[in-house]
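> Throughout the sequence shown, residue numbering follows the working numbering, covering 250 to 347 in sequence. A virtual CB, placed ideally from N, CA and C, is assigned to each residue, including glycine. Bear in mind that the values here come from a model prediction, so they are computed numbers and not experimental data.
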Amino acid sequence: MKKKPIDLYYSENHLWIHLEDNKEAVLGVTDHLLANWHEIIHIDLPKKGKNITADTPLGEIESSDNLITLITPVNGKVLITNAACLKNPHTILTSPYE
250 MKKKPIDLYY
260 SENHLWIHLE
270 DNKEAVLGVT
280 DHLLANWHEI
290 IHIDLPKKGK
300 NITADTPLGE
310 IESSDNLITL
320 ITPVNGKVLI
330 TNAACLKNPH
340 TILTSPYE
């Protein structure tokens, strides 16, 4: 596992949150959630502009033998999604904090 950044908040559902200076937040999944995964075949994330509500499904991560629903820990509006993860889902295994 990679070293975890120290300036993150963590949800009980294994998502991390980084608060930006401009009152925006970046969300991602922890390396702990993905520790035993060898491949990811699909990631489903919300579209730009979607309003999200805390404690509701945000998206999904799927491997050949796992399907995890991501539960958002915050309210907000999606400003951007990680295009690199959508294009190549496996990148989340090597860089969960980026």
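What are the complete beta strand (DSSP E) segments, minimum 3 residues, inside the region 264-296?
Complete beta strand (DSSP E) runs here, min 3: 264-268, 274-278 and 291-293.
> Determine which residues share a DSSP beta bridge with isoleucine 317 and list them.
Bridge partners of isoleucine 317: Ile310.
> Which partner residues of asparagine 300 appear in the DSSP bridge assignment?
DSSP output for asparagine 300 lists Lys326 as bridge partner(s).
> Please state whether the Cβ-Cβ distance between isoleucine 289 and proline 345 is less than 8 Å.
In this structure, proline 345 does not lie closer than 8 Å to isoleucine 289 by Cβ.
> Kindly give me the distance between the Cβ atoms of proline 322 and leucine 268, rounded to whole angstroms, as I take these residues to be in contact under 8 Å.
Incorrect: roughly 12 Å between the Cβ atoms, too far for contact.
> Looking at leucine 294: is its Cβ nearer than 8 Å to the Cβ of threonine 330?
Taking 8 Å as the Cβ cut-off, leucine 294 and threonine 330 qualify as a contacting pair.
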